[in-house]
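A.B. asks: Structure below; questions to follow.
Now the structure itself:
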C-alpha cells in the first residue's frame, strides 16, 4: 500500500512537472509574432525614402508591437521571451516621442529583467545599461542624487563587465567626476590655437569666458553659431571671450569655415574627432557643449546653449 502511494506520488510529480513545462511554453505562437514585429521595426525590408515615411513606418511598427505584446503576455505570461520584448518596449521611448505614440505603463520593469532567473545574460546586461543611462538625467538635475547614480553605474560595470556599450557608462562617470572637479578650482586650459595663437585660460581671469566644444559637421552647433557670434560682437568689448574646442578632423575645412563665418576667437584642433584630447579629458559625450567661466575662472555653467547672451551679461555685471 505504501509503495502504491509512493508510485502515485511519483506519477503526480511527473505530471505536474510536464504540465509546468508546457505552461512555460504557452503562448509561443504569440511571442513569435512579437519577435517578428520587433525584427521588422529594427530591420525593415524596405528602407524609408523620406522622414515622413520613416515616422509612418515606426508608428505602424510600434502600434503593432504594443498590441502583439499585450496579447502574448496574456497567452504566455511565463514565457521567457517576455524579457526581450520588455527590453524592446523600454528602449522605444524616444521613438514613441517622434512617432507621437504614448508610452504604456510597463508590465515588466528594467529591474525585473535584471533580476530574472530565466532572462538571457545579454538581455539582463542591456536592461541594466538602459536603466543606468535613463536615470542619469534626473541625477544631474538640481537636487538630483548623483552619488546614488554613481553607485548604480559602478554596480552595473561590476555586474556586467562584458557589456558592449559600457563605454557610455564609463564616459558619463568620467564626465560627472570632471564636472565635480571643475567646481573645486579655476579651469586650467592651455594650448596653441590652429592659427598659432597661444591660449591660456588662466590669464583671462577678470573676463567672462565661453569654452565652446563644437564641430563644423555638427548640425546643432552650426545652428547655435549665429547666437554665439551675436553675443561675441555685442559683449566682447565689455570683457567677453570665447575659446573654441573643435572636434573636427579636417584642418583645412575648419579653417575655411571659421574664416567664412567670421569666428574671430581661437580654436583648439588636434584632428582626433571624438577622441579630441581636451574633450576626452573632460568626458564630453555630446556637442555643442558650452561652458561659461566667471571672472574668477570658475566654470559656472556647462549648458549655456540657448541663453548665452543673457548669462554672459549677468556674469559681466558681477
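In mature numbering (1 follows the signal peptide of the UniProt record, and there is no 0), the protein residues as written are -24 to -1, 1 to 294. Cβ coordinates follow ideal geometry from the N, Cα and C atoms, glycine included. All of these numbers come straight from a predicted model, not from anything done at the bench.
(1) Under 9 Å, do residue 254 and residue 165 count as touching if we go by C-beta distance?
(2) Just tell me which of 97, 204, 56 has its CA closest to the CA of residue 286.
(3) Going residue by residue through the region 217 to 272, where are the continuous beta strand (DSSP E) segments of at least 3 residues, counting only ones entirely within it?
(4) Hey, would you say residue 34 sits closer than 9 Å to residue 71, going by beta carbons?
(5) Following the continuous alpha helix (DSSP H) through residue 50, name the residue where it begins and the one where it ends.
(6) So residue 288 and residue 207 are supposed to be a Cβ contact under 8 Å. How far apart are they, rounded?
(7) So, with DSSP's three-state summary, where would you put residue 151?
(8) Just to confirm my understanding: we take residue 86, look at its own chain, exclude 5 residues before and 5 after, and list those with CB closer than 7 Å. What are they?
(9) Of all the CB atoms in chain B, is at least one closer than 9 Å to the CB of residue 146?
(10) Work out the CA separation of residue 23 and residue -2 for me, nearest whole Å.
(11) Tell me whether residue 181 sits in a helix, a strand or coil according to DSSP, three-state version.
(12) Roughly how many angstroms lie between the CA atoms of residue 172 and residue 266, to the nearest whole one?
(13) What residues match up with residue 275 in a beta bridge as DSSP calls it?
(14) Give the DSSP-derived three-state secondary structure of residue 64 in the structure shown.
(15) Would you kindly work out how many angstroms separate the C-alpha atoms of residue 181 and residue 211, rounded to a whole number?
(16) Name the DSSP bridge partner or partners of residue 174?
(17) With 16 as the cutoff for other CB atoms within 10 Å, does residue 148 come out buried or exposed?
(18) Residue 260 and residue 151 - do their beta-carbons sit closer together than 9 Å?
(19) With distances taken from CA atoms, which of 129, 98, 169 is nearest residue 295?
(20) When we look at the beta-carbon of residue 188 and count the other beta-carbons within 10 Å, is it buried (16 or more) or exposed?
(21) So, at 7 Å on beta carbons, what are the nonlocal neighbours of residue 47 in its own chain, with the 5 sequence-adjacent residues on each side left out?
C.D. replies: By the coordinates alone:
(1) A distance below 9 Å separates the beta carbons of residue 254 and residue 165.
(2) The option with the nearest alpha carbon to residue 286 is 204.
(3) If we require 3 residues or more, the beta strand (DSSP E) runs fully inside the region 217 to 272 come out as 265 to 269.
(4) Residue 34 is a Cβ neighbour of residue 71, given a cutoff of 9 Å.
(5) Secondary structure note for residue 50: its alpha helix (DSSP H) is the uninterrupted segment 27 to 51.
(6) The Cβ separation is near 6 Å, so the contact holds.
(7) In the displayed model, residue 151 falls within a helix according to three-state DSSP.
(8) For residue 86, where only same-chain residues beyond five positions count, the Cβ hits under 7 Å are 66, 103, 106, 107.
(9) Within the model displayed, chain B is absent; a lone protein chain is all it includes.
(10) Low confidence applies to residue -2: its pLDDT is 45, below 50, so where it sits in the model is not reliable enough to give any reading.
(11) In the structure shown, residue 181 sits in a strand (DSSP, three-state: E or B).
(12) Our two residues, residue 172 and residue 266, have alpha carbons roughly 23 Å apart in a direct line.
(13) Answer is 269.
(14) Reduced to three states, the DSSP call for residue 64 is helix.
(15) Note on geometry: alpha-carbon atoms of residue 181 and residue 211 lie some 16 Å from one another.
(16) Partner(s): 168.
(17) Sixteen is the threshold: when 16 or more other Cβ atoms of the shown chains lie within 10 Å of the Cβ of residue 148, as they do, the residue is buried.
(18) A contact, by the Cβ cut-off of 9 Å.
(19) With the chain running from -24 to 294 in the structure shown, residue 295 is simply not present.
(20) With a 10 Å radius around the Cβ and a threshold of 16 neighbouring Cβ atoms, residue 188 comes out buried.
(21) 6.
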